[in-house]
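The next block holds one structure in the form of structure tokens; read it before the comments.
Numbering (mature numbering (1 follows the signal peptide of the UniProt record, and there is no 0)), first residue to last: -23 to -1, 1 to 619.
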């Protein structure tokens, strides 16, 4: 349970920091002050590739190793992401330049890679792997400069700069493989203001690297581990031939530059977005759509309902009353309990659990508590919150189950606590077996899996039972009309009242409202980008809730007007219609944006996508169901029924 201790330590640290900090920076991370010549430790995180989606730990490849390898204790989120943070032999001191130094401890003897190791490196280069290092918790970035499509005169002056996370392991030219064996580190420091008598302190504010491939013969090394770099034009790259042994030197150089960037905004370079306007455009577009929808809804439904209710409540002579029609006809059946009430209430309980978790996570992240600098914090928080929100899930599920005339509350509570988490755990376990087979660091270690199971059965399950017990004991929802003994016959329905047509129609609007944000979330998950625009995400989430509720009310109104009273399951299914579009979008993204070709990466992609779609369906289905239930109770309460 090291991650639980880590979590407690993190929370205590957070409280202390909130107490003491006066900078704007996210709580949970304190700045480290360095004096000149202080060691700045460079650690490795992992190797990643968007082509294989399988992270590997740094020493899975034959890089130079320090005399003692120590791994950092990690929180739950880091373990689940596949981070394995480990020390490296790079010797970097604050504000001390290094021209060129050999990394492994025998200066004149090159590193000899066996045929197996050469094959492995060549394979990783072909799979487009990136290496991720950190210095003072800042990830390394490669600077990319390119000219934007501006006027010719301006081109010469101004270049657009973007940063790529990590650095490429190597590159291919034709069928030959070349390894980046020389790293030029460029570290930027900010000089802190101190009193005259004190020594200057420095803080690391940016970490860049320029990777180079330099042939063994061109790197001239001496006895003191120093080396001289060749002229840029005349050097040949270091080839890795996978069919034989290869000899090479691993070298590095360090260059320090002063920067005006304050420590508090040092992450800005990693998070600079060139497309904030796209987000605003999408938000305004969604808001307009939702207001338009609300306007139409209010006009149609309120006018129609007023007319309906006025007609139904007229107390004219019995001869004059016309035959009842529309939704009043089904008043004796509208609250008839559906089939499988236990499963319905369990799924809705899980939906409530997800809703509470997502709302709190996005809100807290929007306040800057879960920034990318606190590694794995987002995932850890989400896992813990889902466990603790079991109380609310259980309460709502228990109360609904009682309303639907259910009696076996213990079985219902067990079903709520295990149905959705069981499916998630099952899929993740199967995928994990495949990742284990590939020896990837993305595989969740066995102790972590046992700890997650203990959390599920030790925290979540008892809390769901507790919530379910109180929900089941509470007064059930009061339905305004009585249910008849004999079920009414349902007339034949038109083609457009079909479930699948309903799902397609109801899914378009909520999906359209959040489609652009979905693209950025997918990029963050599958292409190793940082996602941090939680303010936008919060707005999109609110829009999603509103549009799901509105669509659900419209659909249930049309259904009841068609004298079909079996609305419980149908509303839940139809409101989750946008999940179907998310699935189609995921397939489109896979085909167009990712170049995944192998079987296991494809399996991982579609396995995790299935989990996302299932969770999204539960979330939107639950929102729609509760909106429709409140609407149905409202309209039948307004009608006088003999």
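Ideal Cβ placement from N, Cα and C applies to all residues, glycine included.
Straight-line spacing of the CA atoms in residue 65 and residue 223 works out to 22 Å. Residue nearest to residue 72 within the set 165, 151, 150 is 165 (criterion: CA-CA distance). Closest by C-alpha distance to residue 348, out of 313, 270, 512, 228, is 512. The region 380 to 398 makes contact with the region 313 to 333; the number of CB pairs closer than 8 Å reaches 3 or more. Residue 287 counts as exposed, since fewer than 16 other beta carbons sit within 10 angstroms of its beta carbon. Counting only the Cα atoms, residue 199 lies some 52 Å from residue 405.
For the pair of segments examined, the region 583 to 596 was found not to touch the region 34 to 54: the number of CB pairs separated by less than 8 Å stays below three. Out of 181, 228, 182, the CA that lies nearest to the CA of residue 189 is found in 228. Taking the CA atoms as reference points, residue 538 sits about 5 Å from residue 304.
Assignment of beta-bridge partners to residue 147 by DSSP yields 156. Taken atom to atom, the span from the alpha-carbon of residue 530 to that of residue 504 is near 38 Å. Every unbroken stretch of the beta strand (DSSP E) spanning 3 or more residues and falling wholly within the region 65 to 126 is given here in chain order: 75 to 79, 88 to 90, 107 to 112, 118 to 123. Put simply, the backbone Cα of residue 471 is about 47 Å away from that of residue 506. Residue 346 sits in coil when the DSSP states are folded into three classes, being neither helix nor strand. The C-beta of residue 185 has 16 or more other C-beta atoms within 10 Å across all chains shown, which makes the residue buried. Bounds of any beta strand (DSSP E) do not take in residue 305, whose DSSP letter is neither H nor E. Scanning 543, 204, 402 for the CA closest to the CA of residue 426 turns up 402. One Cα belongs to residue 311, the other to residue 609, and the distance between them is close to 8 Å. Of the residues assessed, residue 11 falls on the buried side of the cut-off, its CB having 16 or more other CB atoms within 10 angstroms. Leaving aside the five residues that flank residue 32 on each side, the residues in its chain whose CB is nearer than 7 Å to its CB run, in chain order, 23, 24, 25, 59, 417, 418, 419. Excluding its 5 nearest sequence neighbours in each direction, residue 62 has C-beta neighbours in its own chain below 6 Å: 20, 22, 49, listed in chain order.
With respect to the C-alpha of residue 214, the residue from 233, 192, 204 having the closest C-alpha is 192. Annotation for residue 106: 24, 26, 146 place their beta carbon closer than 6 Å to its own, counting only its chain and skipping 5 residues before and after. According to the DSSP assignment, residue 256 belongs to the alpha helix (DSSP H) that extends over 253 to 274. Shown here, residue 137 sits in a strand according to DSSP, grouped into three states. Across the set 183, 413, 374, the C-alpha of 183 shows the shortest separation from the C-alpha of residue 248. Nearest C-alpha to residue 44 among 53, 350, 80: 80. Between the region 424 to 443 and the region 359 to 370 there are three or more inter-stretch CB-CB distances shorter than 8 Å, so the stretches are counted as touching. Following the DSSP letters along the chain, one finds residue 508 in no alpha helix (DSSP H), marked with neither H nor E. Checking the DSSP bridge columns, you'll see residue 231 partnered with 75, 162.
Contact annotation: residue 515 and residue 238 have beta-carbon atoms that are not nearer than 7 Å. Where residue 188 is concerned, there is no enclosing alpha helix (DSSP H), although the beta strand (DSSP E) around it starts and stops at 179 to 189. Short of 6 Å from the beta carbon of residue 291, and not among the five residues preceding or following it, lies no beta carbon of its own chain.
Residue 208 carries a coil assignment under DSSP once its states are collapsed to helix, strand and coil.
Residue 208 counts as exposed, since fewer than 16 other C-beta atoms from the protein chains shown sit within 10 angstroms of its C-beta. Using a C-beta cut-off of 8 Å, the region 447 to 463 makes no contact with the region 520 to 536, since fewer than three inter-stretch Cβ pairs fall below that distance.
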